[in-house]
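Beneath this line is the structure, given in C-alpha cells, with notes to follow.
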Amino acid sequence: MPTEDPRHAEDNRPDPEALLAAANKASRGRLKVFLGMAPGVGKTYEMLKAARRRKAEGQDVLIGLVETHGRRETESLLRGMEVMARRPLEHKGRTHLEFDLDTALARKPKLLLVDEYAHSNAPGSRHPKRWQDVEELLAAGIDIWTTLNVQHLESLVDVVQRITGVRQRETVPDSALSRADDIEVVDITPDELRERMGAGKVYVPETARLASENFFKVENLTALRELALRRAAQTVDDQLVAAMREKGVEGPWAAGERILVLVGGDAMSSALVRAGRRLSDMMMDAPWTVTHVERSDRSGPSPLAVTRLRDALKLAEQLGGSTVVMTGVDIVSTVMAYARRNNVTQIVIGKSVGSRLSELLGRSLAAALLREARGAAIHVVTEAAHGHGEAAVERPAKRRLDAMAYLTGAGFVGLATLVAWGLDTAFDRVDLGMIFLAAVLAAGVMHGLRPALAAATVAFLVYNYLFLAPRYSLTIGSPTDFLTLVVFWAVALATGGLAGRVRDQARGSQRRAAAIATLLAAARTLSGATGRQLVAQAIADQVAATAGAKAVVFYPKDGDLFPAAGAPSLEPLGAAPMAAARWAWERGEVAGFGTSTLPHAEWTFWALDGMRGRAGVAGVEAGAMALGSDDERLLLGLLDQGAVALERADLAAEAVEAETLRRADRFRSALLNSISHDLRTPLSTVLGASSTLTDYGDKLEPEVRADLMISIREEAERLNRYVANLLDMTRLEGGALRLRNDWIDVRDVLGAAAERVTRRLGGRPLTRDFPAELSLVRADASLLEQVVVNILENAIAYSPAGAQIEMAAYEDRGNVVISIEDEGRGIPPGEVERVFEKFRRMEEPTDRTGGVGLGLSIAKGFVDAMNGRIAAASPIHDGKGTRILISLPKAIHTPKDLL
33 MPTEDPRHAE DNRPDPEALL AAANKASRGR LKVFLGMAPG VGKTYEMLKA
83 ARRRKAEGQD VLIGLVETHG RRETESLLRG MEVMARRPLE HKGRTHLEFD
133 LDTALARKPK LLLVDEYAHS NAPGSRHPKR WQDVEELLAA GIDIWTTLNV
183 QHLESLVDVV QRITGVRQRE TVPDSALSRA DDIEVVDITP DELRERMGAG
233 KVYVPETARL ASENFFKVEN LTALRELALR RAAQTVDDQL VAAMREKGVE
283 GPWAAGERIL VLVGGDAMSS ALVRAGRRLS DMMMDAPWTV THVERSDRSG
333 PSPLAVTRLR DALKLAEQLG GSTVVMTGVD IVSTVMAYAR RNNVTQIVIG
383 KSVGSRLSEL LGRSLAAALL REARGAAIHV VTEAAHGHGE AAVERPAKRR
433 LDAMAYLTGA GFVGLATLVA WGLDTAFDRV DLGMIFLAAV LAAGVMHGLR
483 PALAAATVAF LVYNYLFLAP RYSLTIGSPT DFLTLVVFWA VALATGGLAG
533 RVRDQARGSQ RRAAAIATLL AAARTLSGAT GRQLVAQAIA DQVAATAGAK
583 AVVFYPKDGD LFPAAGAPSL EPLGAAPMAA ARWAWERGEV AGFGTSTLPH
633 AEWTFWALDG MRGRAGVAGV EAGAMALGSD DERLLLGLLD QGAVALERAD
683 LAAEAVEAET LRRADRFRSA LLNSISHDLR TPLSTVLGAS STLTDYGDKL
733 EPEVRADLMI SIREEAERLN RYVANLLDMT RLEGGALRLR NDWIDVRDVL
783 GAAAERVTRR LGGRPLTRDF PAELSLVRAD ASLLEQVVVN ILENAIAYSP
833 AGAQIEMAAY EDRGNVVISI EDEGRGIPPG EVERVFEKFR RMEEPTDRTG
883 GVGLGLSIAK GFVDAMNGRI AAASPIHDGK GTRILISLPK AIHTPKDLL
C-alpha cells in the first residue's frame with residue numbers, strides 16, 4: 033500500500049500487476065463475444081457477417097461450430113466458408129455431434145468461430161463446458177469469436193429466474209466474460225424481436241406462440257435488454273481501468289461511476305455502507321467498494337472498533353459491494369492513490385461531531401480530501417444523534433486507560449523532580465533540563481503521544497517553578513531563561529511525540545510479526561497432517577495454543593456434527609454449546625458466548641468456511657478472547673487455514689477412494705477379460721478332447737487316444753493353475769494370507785519346484801547350481817515353492833524351445849539369494865519396473881501356456897510377506913535373457929571369513 037504522497041511523479045508509473053497481466057495476454061488469442069439479450073436477436077448472423085468481411089480481407093477464418101437453427105439467412109452466410117466437421121460422441125445409445133477441439137488445435141487458424149459459449153458438452157468430451165474449450169484454444173494463440181445470451185451468466189441466474197420464471201441450466205462464469213477482449217452487443221427492441229418470432233425467423237410457429245406468451249414477453253425482454261447493456265458497460269469500464277493501470281494514467285475518468293466508501297471503527301460505519309449502497313442505486317447500480325485504512329504508525333483499534341469495522345465490511349458484502357483493507361501512514365494519500373488507480377469518481381466519508389478548531393485549521397478528514405480530490409466528488413455523511421449513545425459504551429474503559437497513562441507520565445516527572453532536587457542540592461551548575469527531558473521520553477515510549485505532551489507541559493511548569501530564578505514562581509527571570517524554556521518545551525514536545533509514534537509502530541510490527549509467525553507455524557503443522565482426523569486435531573491444538581483456552585473441532589458426519597478433536601483433550605459438551613455449534617454450522621455465523629446468538633453458552637463457535645464450502649466448526653472456551661480483538665483476527669486467520677486443510681484432507685481421501693475404485697475396476701475388467709479368454713481356452717480344449725473320446729473313442733488309434741488324454745490332463749492342470757493364481761491374488765488383496773514360517777533349506781524348495789514343472793519344460797534344459805552347504809532361513813516352504821514355480825513357468829512361457837533355464841542359490845553375509853535365469857527375448861527396458869504388476873505380461877508368449885499375468889505379481893506378494901525382496905534384471909547377455917533374484921534374510925549374519 034502507498035505510504036507517500038501519490039502526487040509525486042514516481043507514483044504515476046504503470047501498475048506492475050497490470051503489466052504482468054498484459055504480458056500474459058500477449059501470447060494468448062483474442063476473445064470477442066457477441067452478446068445479446070435473448071435468442072433470435074441475430075448474434076450468430078452478425079458474427080458470420082463480420083467473419084465474411086475478415087475472410088474477404090484475406091484472413092484465415094475457420095468455422096469451428098455454428099448453430100443456424102434452420103434459419104435460411106444464417107445458413108446462406110456459410111456458403112464459401114471453411115467449416116469443420118463435427119466430432120460424433122456416443123452416449124446412452126445416442127450420437128451427439130460436438131465441436132472437435134483437437135482438430136481445431138491442429139488446424140490452428142488465425143480466427144475461429146465457436147457458437148454458443150455457454151453450451152454443455154456431451155459426456156466423453158475433454159471439457160464439460162464449451163467455454164473451457166475456448167480457454168484452451170485461446171491459450172494456444174487462436175483468436176475466438178463466440179456468442180452468448182445474457183441470461184447464461186452465472187451471477188444473473190437468480191435475477192433472470194425472478195424476471196422470467198425460468199432457471200438457466202447452462203451457465204458461464206462471469207470471469208470468463210470479463211476476460212473477453214471485445215464485446216459487441218447485438219441489440220434490437222423487444223417489439224422487433226417479437227415480430228421476428230411471429231414471422232417464424234426464430235422458432236417454428238407453434239413454439240414461437242408459446243414463447244411469446246411466456247419467456248418472450250415485452251416486459252421480460254426489456255429487463256433482459258437492460259441487463260445485457262449494463263453488463264457490457266461494466267465490462268468496458270473494467271477494461272478502461274485495466275488500460276489506465278497498464279499505462280500509468282491517473283484517474284478519475286468519468287466514463288463510468290465508481291464509488292469508494294471510507295469507513296473506520298466508529299458508530300457511523302454501517303450508516304456509511306448503507307449510504308454507499310443507496311448512491312450506487314441512484315447511479316444505475318454503479319460498482320462500489322468499502323475500504324478501511326489501517327494506520328501503520330498507530331496502535332491497534334479497540335475491540336469495539338474492530339467489531340464495528342468487521343460488521344461494516346460484512347454488511348457491504350451482503351449488500352453487493354466489494355471490500356478492501358489498506359495500510360498506510362497517511363489516510364488521505366492512501367485513499368487518493370487507490371482512487372486514482374481504480375478510476376473512483378465518488379468518495380463517501382463520514383463526519384462526526386468533532387473539534388471546531390480542527391475544521392477551522394483544515395485538519396479534518398473531509399477538508400483534507402477536498403483539497404486532494406481532483407475530479408472526484410466527495411459525499412459527506414453527518415453523524416446521527418444516536419451515535420453518542422453507542423460510542424459511550426467504550427468511553428469508561430478508555431478513560432480509565434488514559435487516566436493511568438497520564439498519571440504514569442506525571443509520576444515520571446515527579447521522579448525527575450526528586451532526582452533534579454538532589455543533584456541541585458549536591459552540585460552547582462547542573463543541567464537539570466536533561467533529567468526532565470528523560471522523563472518526557474519515558475512517558476512517550478510507554479504511553480504514546482498525548483501522555484508525552486502532558487508530561488512535557490508539567491515538566492516545563494515544574495522546572496520553571498522550582499529551579500529557575502526567581503524560584504517558587506512562574507515568572508521568567510531573564511530572556512535567556514525564557515528562550516531556554518521555550519526550546520526545552522519544543523524539544524520535549526517533539527521527542528515525546530516521536531517516541532510515542534515509534535512505540536506504536538514497534539508494537540504494531542511486533543503484533544504483525546507474531547501473527548505471521550503463528551500463521552506460518554500453523555501452516556507448517558497443517559500441511560504435515562494427513563487425514564481428516566489428524567488435520568482436525570492439528571486445528572484444535574493450534575487454536576488452543578493461540579487462544580490460551582480449550583478448543584474443539586467438529587466436522588459433519590452422518591447428517592450431524594461429529595466432535596472430531598479437542599485440545600488439550602476432547603470433552604463432551606452440553607446442550608447449549610452444541611446448539612451454538614449447530615447454529616454456526618447451519619448459518620455460517622459466529623455463535624455462543626459474547627455474541628447475540630445463544631450468548632449464555634460457555635463456548636464461542638466459528639464456521640470453518642473453505643474454498644468449496646463449509647468444512648466444519650471450531651469452538652473456543654468462553655472468555656479466552658474479546659470478539660473483534662487482534663487475537664480474534666489471528667484466530668480467524670488460523671481457522672481459514674484450517675478450513676482449507678480440512679478440504680485438502682477430504683480431497684485427498686476422495687482421490688484415494690477414486691484411485692481405489694479405478695484399480696478395482698481395472699482389476700475387475702482384467703479378471704473378466706482373463707476369464708472370458710484365458711480360462712475359456714483350456715475349457716474348450718478339454719471339452720473338445722473329451723467329446724472326441726466319447727464319440728469316436730473305439731475308432732481312434734491308441735496313440736491318438738493317449739495324446740487326447742494328455743491334452744485333457746495338461747489343460748486341466750493349466751486351468752487349475754489359473755484358478756490357484758486367482759485365489760492367491762484374492763488372498764493377497766484381502767489380507768487373508770497366513771504364514772507358516774519354519775526353518776527351511778531353500779535347496780529342497782527349489783528341487784520340489786523343479787519337479788512340479790518337469791512336464792511343462794518342453795525340451796528346455798533346467799540346470800541347477802547349488803552350493804554344498806547353505807544357511808537355513810525362516811520362511812513358509814509352500815509359499816516359497818509356489819513363488820519359484822511361478823517364476824519357472826514364466827521363464828518357460830517366454831523362452832524358445834531348447835533354450836536353457838538356470839536355477840541357482842547362494843548366500844552373502846545377511847541373505848540367502850535365489851537366482852533364476854532364462855534365455856528368452858528379455859523384458860523391454862521400460863517394462864522392467866512394471867513386470868511385477870497385476871495382469872502384466874508380454875504381448876506374445878512363446879507357448880500356449882501363457883497365463884493371466886498374475887504369476888510374478890503373486891510371487892512378489894508372497895516374498896514381501898516373508899520380509900524378502902524380489903527384483904528383475906534384463907537383458908543379461910547378448911541383448912536378451914531375464915534374471916529374477918529372490919533375497920531372503922538370515923536370522924544371524926554370517927561372518928565374512930566364513931563365506
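Position 490 (the sequence shown) corresponds to 522 in this note's numbering; numbering is contiguous. We treat Cβ as the ideally placed atom computed from N, Cα and C, and that holds for glycine.
Alpha helix (DSSP H) segment containing residue i, residue limits
| i | result |
| --- | --- |
| residue 378 | Run containing residue 378: none in the alpha helix (DSSP H); it sits in the beta strand (DSSP E), 378 to 383. |
| residue 230 | 222 to 230 |
| residue 174 | Where residue 174 is concerned, there is no enclosing alpha helix (DSSP H), given that its DSSP letter is neither H nor E. |
| residue 397 | 397 to 404 |
| residue 64 | Run containing residue 64: none in the alpha helix (DSSP H); it sits in the beta strand (DSSP E), 63 to 68. |
| residue 646 | From DSSP, residue 646 is part of no alpha helix (DSSP H) but of the beta strand (DSSP E) over 646 to 653. |
| residue 100 | No alpha helix (DSSP H) contains residue 100, which DSSP labels as neither H nor E. |
As assigned by DSSP and simplified to three states, the class of residue i
| i | result |
| --- | --- |
| residue 604 | coil |
| residue 459 | coil |
| residue 921 | strand |
| residue 908 | coil |
| residue 632 | coil |
| residue 587 | strand |
| residue 892 | helix |
| residue 430 | Note that residue 430 scores 49 on pLDDT, short of 50, meaning its location in the model is unreliable; the coordinates nonetheless yield the value given after this. Helix. |
| residue 914 | strand |
| residue 214 | strand |
| residue 808 | coil |
| residue 622 | coil |
| residue 736 | helix |
| residue 507 | coil |
| residue 792 | helix |
| residue 75 | helix |
Cβ separation of residue i and residue j, assumed to be a contact under 8 angstroms, to the nearest whole Å
| i | j | result |
| --- | --- | --- |
| residue 749 | residue 785 | In fact, because the Cβ distance is near 15 angstroms, the residues do not count as touching under 8 angstroms. |
| residue 146 | residue 176 | 6 angstroms |
| residue 594 | residue 600 | That belief does not hold up - the Cβ atoms of residue 594 and residue 600 are roughly 20 angstroms apart, past 8 angstroms. |
| residue 854 | residue 913 | 6 angstroms |
| residue 630 | residue 615 | 7 angstroms |
| residue 83 | residue 143 | 7 angstroms |
Distance, residue j Cα to residue i Cα
| i | j | result |
| --- | --- | --- |
| residue 486 | residue 498 | 18 angstroms |
| residue 421 | residue 301 | Model confidence at residue 421 stands at a pLDDT of 42, short of 50, so the residue's coordinates are unreliable and nothing is read from them. |
| residue 413 | residue 380 | 7 angstroms |
| residue 204 | residue 149 | 8 angstroms |
| residue 378 | residue 349 | 19 angstroms |
| residue 543 | residue 552 | 14 angstroms |
| residue 563 | residue 637 | 23 angstroms |
| residue 369 | residue 359 | 12 angstroms |
| residue 425 | residue 298 | In this prediction, residue 425 scores a pLDDT of 41, lower than 50, which makes its location untrustworthy; the coordinate-derived value is nonetheless stated afterwards. Taking the straight line joining both Cα atoms gives about 11 angstroms. |
| residue 185 | residue 644 | 20 angstroms |
| residue 141 | residue 115 | 12 angstroms |
| residue 837 | residue 746 | 21 angstroms |
| residue 264 | residue 338 | 38 angstroms |
| residue 622 | residue 191 | 29 angstroms |
Span of the beta strand (DSSP E), counted from its first residue to its last, around residue i
| i | result |
| --- | --- |
| residue 842 | 837 to 843 |
| residue 801 | 798 to 801 |
| residue 847 | 847 to 854 |
| residue 859 | Looking at the DSSP string, residue 859 is not in any beta strand (DSSP E), and its letter there is neither H nor E. |
| residue 939 | With the chain covering only 33 through 931, there is no way to say anything about residue 939. |
| residue 596 | 592 to 599 |
| residue 184 | From DSSP, residue 184 is part of no beta strand (DSSP E); its letter is neither H nor E. |
Within the chosen definition, does the stretch 826 to 846 reach the stretch 892 to 906 through at least 3 CB pairs nearer than 8 angstroms?
Because the criterion of three Cβ pairs below 8 angstroms is not met, the stretch 826 to 846 and the stretch 892 to 906 do not touch.
Segment contact flag, the stretch 312 to 324 with the stretch 637 to 651, C-beta cutoff 8 angstroms, min 3 pairs:
Result no; under three Cβ-Cβ pairs closer than 8 angstroms.
Flag this pair as touching only if the stretch 571 to 583 and the stretch 605 to 622 have three or more C-beta atom pairs under 8 angstroms; answer yes or no.
No contact exists between the stretch 571 to 583 and the stretch 605 to 622.
Are there three or more Cβ pairs, one per stretch, closer than 8 angstroms when the stretch 886 to 900 is compared with the stretch 809 to 824?
Taking 8 angstroms as the limit for Cβ pairs, the verdict is that the stretch 809 to 824 does touch the stretch 886 to 900.
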